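Residue numbers (our numbering), protein chains in the order written: chain Y, 1 to 167; chain U, 168 to 801; chain D, 802 to 910.
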């Protein structure tokens, strides 16, 4: 078992554990922190897959900007363990069971699929995840979607301001 | 002649349509004029037809095919022969008199109801004429049902009184029972012979087996039982007195109830071939005659007495038919129509004078207040009692003589019944007209003789009651029995008056003597101190009509009601309604439960979404298995 | 690494996100769980992109690059979504003084 495998298993375990902790944490602030851990684990996976650009962007945008925004809102509202609304046990159980069913069904689907039986994802190799390649592709073939997404950003910003404005 | 026949029923039909449709706008006198005029016109045409038949014989006039299916052809045809022309005269003649009488009797009614009354009456005459004129059993059945309908409508004429409605319903239902027999007989004839025309049926009786003939005749007799109020279907007739009195006179005494007699007389060819049916007719007839007479003795309602007397006289007629004296029966129909119409109209005159009081115990001494009514009523009583030379004597004697030929026992019962008849008729007469007045002062003050529109029919009918018998004076009394000769082409007469004259004299003497004794006894007993108390002992049984109505109620009506209630409450309410309501309740309940799913909570919706995804993917994964499962099993 | 591992990992994260949406009532946590699901999909996209690259590298050295571009666009959309979504949550908190999604069942009536 090489370093890549060890890292893979470690990062996977960390991601799943952290994701579960997001759910079970009573305090919203803790949830946010565990979610940041998940994002870091996923960024680790990206690095394993030699997608450095996405790994960095993931950390900056998600773990950085978005989660700070979350944290900011939570603190603004002064949410904590005490104010956390609780569902009753049966509803929780139903949610867990149905989610589990979904997982089992999907996994059995994956195990049945023959097309991906012997496929592997290239780790530590390949240069498509490098910023140079991505940048060239983005600004040559995908320039229009890129510009549209900037318009999307602008409208989202205006929308957020309008919605959040105290009327 | 044939181009006149259709006019006979057409006039009353036109009268019915005019009076029925325009009853709100026509004045009373115009309504009476149209109603009576239509019948008078019919009567005149009937007279023409009668004399034509007398000189040239009968014929069948066919108009169009009423039913034309495969091999069965039922023509709409009229048969004018000796029998039907005689009935035509009776119906239109007496019908006209009663229309005339009604115009005064019903004058207190409102305009609209007055018109309705005459419309019904005209419709009745139309139906009755159809019944008599029809040249086959189907046309007869149309008229048969028509008169039943009119009877129903007229019994319930005062429909605001619920008891009258019940009486009407009872009459209708009882008649339906009989009609079923008639219908079955028609079906049987069609099945066996393929035709219903009298001529064809009677010509081909040889094709029928004795069993067929017996069945057909008995079924026909069941029809006659219903219409002519014989045991066991007689109970509707006394209740039918709920209708206006002229209606009772016309429908429930003179004409409609004799339809059964007419039918059997018309089918005499068949009856002559079936000894069983003849015996049955005779036995039922004499039993009804005696039974009804016993009931009549204790009745206190003037119309009820006459009603039971009618039932009794109808029994006589059936006795005549049963012993083969068809002429005698028809003769009695005729004379009975005269004197019973007279009696009913007289009773109507009394009731009119007494302001709708019908209880004879509250009358008495009306002789001096109502002279014309009194005289005519007395004539009617004598006629029905069979005192020579009044009409009832000849017809009744002919039937009794024929019965004697057949069996002395029948004769004995017949004579006893005749005695009872004389007794109760004169009990009625004496209680009503003799003695002292027992009503209120107010009634006494208002007592008056009826207007001439009512007394003229009485006088005419009284004359007919006296002289009507002369058309059938038997040879033994030096007559020629012209009616017998007249009817001989259509009525088989197997009974020959072979008996020696001395026997006939003896028979007449006995019956007349019994009648006279009964009359004297009744006048003696009731003119001075009429029975005012309610009867007790055996009299109570008679007063309550042998409790036959109660018996019917208990053995037929109540079980049927209970069955109906069972079906209504258990099958309908619990079963059918239960299923329907159950389905509705299930839908309501399940939708109420389903409504809870729409709780507006996002989490719930997502949960279902997830579950649906699970199910869909599961199906997708296992599609091969599932599809093979379905294709294998469905 | 075999692609199944990545798929199963992504599915696990995704399903955890689904369960989170189902069991939590705090709107912000639900929102976070949606982010988690998005990230699971991102991971899967990257894995597939590398899988394609491995399979087609012989003919096209840049095969599978679109997958990573997609992830990039998803991040863009997610950032926009978060800004608007959080604005809505703030708005909601201002109106009902709660972030409990069950308070938002007014549509029922």
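Every residue, glycine too, gets a C-beta built ideally from N, C-alpha and C. As the structure is a prediction and not an experimental result, all values here were calculated from the model.
Under 7 Å between C-beta atoms, does residue 56 of chain Y make it to chain D? Working through the first chain from its first residue, we reach residue 56 of chain Y at position 56. Not flagged as an interface residue toward chain D: residue 56 of chain Y, since no C-beta distance is shorter than 7 Å.
For residue 909 of chain D, does the count of other Cβ atoms within 10 angstroms reach 16, so buried, or fall short, so exposed? Mapped onto the third chain, residue 909 of chain D falls at position 108. Low confidence applies to residue 909 of chain D: its pLDDT is 47, below 50, so where it sits in the model is not reliable, and the reading given next is rough at best. Residue 909 of chain D comes out exposed.
Please report the distance separating the alpha-carbon of residue 672 of chain U from that of residue 718 of chain U. On the second chain, position 505 is the one that residue 672 of chain U refers to. On the second chain, position 551 is the one that residue 718 of chain U refers to. Taking the straight line joining both Cα atoms gives about 43 Å.
Can you give me, in chain order, the residues of the region 748–780 of chain U that have a beta carbon less than 8 Å from any beta carbon in chain D? With the criterion set as a beta carbon lying under 8 Å from some beta carbon of chain D, the members of the region 748–780 of chain U are 765, 766, 767, 768, 769, 770, 773, 774 and 777, in sequence order.
Chain-ordered neighbours of residue 827 of chain D on chain U, where CB pairs are closer than 7 Å: Taking the first residue of the third chain as position 1, residue 827 of chain D is located at position 26. Going along chain U, no residue has its Cβ under 7 Å from residue 827 of chain D, so there is no contact; the nearest lies around 11 Å.
Kindly say whether residue 794 of chain U, judged by its beta-carbon, lies nearer than 7 Å to any beta-carbon of chain Y. Along the second chain, one-based indexing puts residue 794 of chain U at 627. Any Cβ of chain Y closer than 7 Å to the Cβ of residue 794 of chain U would place that residue at the interface, and such an atom is absent.
Starting from the beta carbon of residue 108 of chain Y, find every residue of chain D whose beta carbon is closer than 9 Å, and list them in chain order. Taking the first residue of the first chain as position 1, residue 108 of chain Y is located at position 108. Against chain D, the beta carbon of residue 108 of chain Y has no neighbour under 9 Å; the closest one sits roughly 11 Å away.
Please name the residue, chosen from U:495, U:587 and U:201, that lies closest to residue 458 of chain U on a Cα-to-Cα basis. As a working mapping, residue 458 of chain U is identified with position 291 in the second chain. Selection U:495, U:587 and U:201 evaluated against residue 458 of chain U yields U:587 as nearest (Cα-Cα).
In angstroms, rounded to a whole number, what distance separates the CA positions of residue 528 of chain U and residue 654 of chain U? Position 361 of the second chain, counted from the start, is the residue given in the question as residue 528 of chain U. Position 487 of the second chain, counted from the start, is the residue given in the question as residue 654 of chain U. Between the alpha carbons of residue 528 of chain U and residue 654 of chain U lies a gap of roughly 44 Å.
Sequence-distant residues of the same chain with beta carbon closer than 6 Å to residue 649 of chain U, five excluded per side: Taking the first residue of the second chain as position 1, residue 649 of chain U is located at position 482. Result list for residue 649 of chain U: 638, in chain order.
Measuring CB atoms only, is the region 532–539 of chain U touching the region 612–626 of chain U, in the sense that at least three cross pairs come out at less than 8 Å? Touching, yes, given that three or more Cβ pairs across the two stretches are closer than 8 Å.
What distance in whole Å lies between the Cβ atoms of residue 582 of chain U and residue 678 of chain U, which are believed to be in contact at a cut-off of 8 Å? If you number the second chain from 1, residue 678 of chain U lands on position 511. If you number the second chain from 1, residue 582 of chain U lands on position 415. Contact between residue 678 of chain U and residue 582 of chain U holds, since their C-beta atoms are separated by about 5 Å, short of 8 Å.
Rounded straight-line distance, which links the Cα of residue 602 of chain U to that of residue 612 of chain U: Here residue 612 of chain U refers to the residue found at position 445 when the second chain is read from its first residue. Here residue 602 of chain U refers to the residue found at position 435 when the second chain is read from its first residue. For residue 612 of chain U and residue 602 of chain U, the distance between alpha carbons rounds to 17 Å.
Distance, residue 132 of chain Y Cα to residue 31 of chain Y Cα: Looking up residue 31 of chain Y in the first chain gives position 31. Looking up residue 132 of chain Y in the first chain gives position 132. Taking the straight line joining both Cα atoms gives about 35 Å.
Kindly indicate the opening and closing residues of the alpha helix (DSSP H) around residue 386 of chain U. To locate residue 386 of chain U, count along the second chain from 1; it is residue 219. Following the DSSP letters along the chain, one finds residue 386 of chain U inside the alpha helix (DSSP H) bounded by residues 377–394.
Helix, strand or coil: how does DSSP classify residue 397 of chain U here? Numbered from its first residue, the second chain carries residue 397 of chain U at position 230. Annotated three-state conformation of residue 397 of chain U is coil, per DSSP.
I'd like to confirm the pairing. Which residues does DSSP put opposite residue 526 of chain U in its beta bridges? Within the second chain, residue 526 of chain U is the residue found at index 359, counting from 1. Beta-bridge analysis with DSSP links residue 526 of chain U to U:468.
Under DSSP, the alpha helix (DSSP H) around residue 232 of chain U begins and ends at which residues? On the second chain, residue 232 of chain U is found 65 positions in, with the first residue counted as 1. The continuous stretches of alpha helix (DSSP H) do not include residue 232 of chain U, which lies in the beta strand (DSSP E) extending over residues 226–236.
Leaving out the 5 sequence neighbours to the left and right, which residues in its chain are closer than 7 Å to residue 429 of chain U when beta-carbon positions are compared? Position 262 of the second chain holds residue 429 of chain U. If you ignore the 5 residues before and after residue 429 of chain U, its C-beta comes within less than 7 Å of the C-beta of 254 and 299, all in its own chain and listed in chain order.
Taking Cβ positions, are residue 828 of chain D and residue 902 of chain D nearer each other than 7 Å? For the purposes of this step, residue 828 of chain D is taken as residue 27 along the third chain, with counting starting at 1. For the purposes of this step, residue 902 of chain D is taken as residue 101 along the third chain, with counting starting at 1. In contact: residue 828 of chain D and residue 902 of chain D (Cβ atoms closer than 7 Å).
Is the CB-CB distance between residue 272 of chain U and residue 515 of chain U below 7 Å? The sequence position of residue 272 of chain U within the second chain is 105, counting from 1. The sequence position of residue 515 of chain U within the second chain is 348, counting from 1. Yes, the Cβ-Cβ distance between residue 272 of chain U and residue 515 of chain U is below 7 Å.
Excluding the five sequence neighbours on either side, which residues of its own chain have a C-beta within less than 8 Å of the C-beta of residue 367 of chain U, listed in chain order? Looking up residue 367 of chain U in the second chain gives position 200. Sequence-distant partners of residue 367 of chain U (beyond 5 residues in either direction) whose C-beta falls short of 8 Å from its own C-beta, in its chain, are 360.
In this structure, does DSSP put residue 688 of chain U in helix, strand or coil? As a first step, residue 688 of chain U must be located in the second chain, where it is residue number 521. Reduced to three states, the DSSP call for residue 688 of chain U is helix.
Could you give the residue range of the alpha helix (DSSP H) that holds residue 244 of chain U? Residue 244 of chain U sits at position 77 when you count from the first residue of the second chain. Per DSSP, residue 244 of chain U belongs to no alpha helix (DSSP H); it is in the beta strand (DSSP E), 239–247.
Identify, in the order they occur along the chain, each residue of the same chain with its Cβ nearer than 8 Å to the Cβ of residue 446 of chain U, setting aside the five sequence neighbours on each side. As a position in the second chain, residue 446 of chain U is number 279, starting the count at 1. So the qualifying residues of the chain are 489.
So which residues on chain Y does residue 814 of chain D lean against when the C-beta distance must stay under 9 Å? Indexing the third chain from 1 puts residue 814 of chain D at position 13. Result: 15, 16, 19, 38 and 42.
For residue 34 of chain Y and residue 796 of chain U, I'd like the C-alpha separation in whole angstroms. Counted from its first residue, the first chain places residue 34 of chain Y at position 34. Counted from its first residue, the second chain places residue 796 of chain U at position 629. Spanning the two alpha carbons is a distance of roughly 47 Å.
With 7 Å as the threshold, decide whether the Cβ of residue 909 of chain D is near any Cβ in chain Y. Taking the first residue of the third chain as 1, we reach residue 909 of chain D at position 108. The pLDDT assigned to residue 909 of chain D is 47, lower than 50, so where the model puts this residue is not dependable, and the model offers no usable value.
Take the Cβ of residue 822 of chain D as the centre, count every other Cβ of all protein chains shown within 10 Å, and call the residue buried at 16 or more, exposed below. For this step, residue 822 of chain D is matched to residue 21 along the third chain. Buried.
Are the region 145–164 of chain Y and the region 865–877 of chain D touching, with three or more C-beta to C-beta distances below 8 Å? Touching, yes, given that three or more Cβ pairs across the two stretches are closer than 8 Å.
Start-to-end residues for the alpha helix (DSSP H) that takes in residue 325 of chain U: Residue mapping note: residue 325 of chain U aligns to position 158 of the second chain, counting from 1. Premise fails: residue 325 of chain U is in no alpha helix (DSSP H) and is neither H nor E.
Should the region 361–381 of chain U be regarded as contacting the region 396–416 of chain U, the criterion being three or more beta carbon pairs within less than 8 Å? Using a Cβ-Cβ distance cut-off of 8 Å, the region 361–381 of chain U and the region 396–416 of chain U are not in contact, since fewer than three pairs of beta carbons, one from each stretch, lie closer than that value.
Residues that residue 827 of chain D bridges to, as DSSP identifies them: On the third chain, position 26 is the one that residue 827 of chain D refers to. Its beta-bridge partners are D:901.
Taking 6 Å as the cut-off, does the CB of residue 711 of chain U come closer than this to any heavy atom belonging to the ligand PLP? Inclusion of the ligand PLP in the displayed structure is not the case, the ligand content being empty and no account of it being possible.
Three-state secondary structure (DSSP) at residue 120 of chain Y? The count along the first chain starts at 1 and reaches residue 120 of chain Y at position 120. Strand.
Excluding the 5 residues preceding and the 5 following residue 162 of chain Y in the sequence, name in chain order all residues of the same chain whose CB lies nearer than 6 Å to its CB. What you label residue 162 of chain Y is simply residue 162 of the first chain in a count that begins at 1. None.
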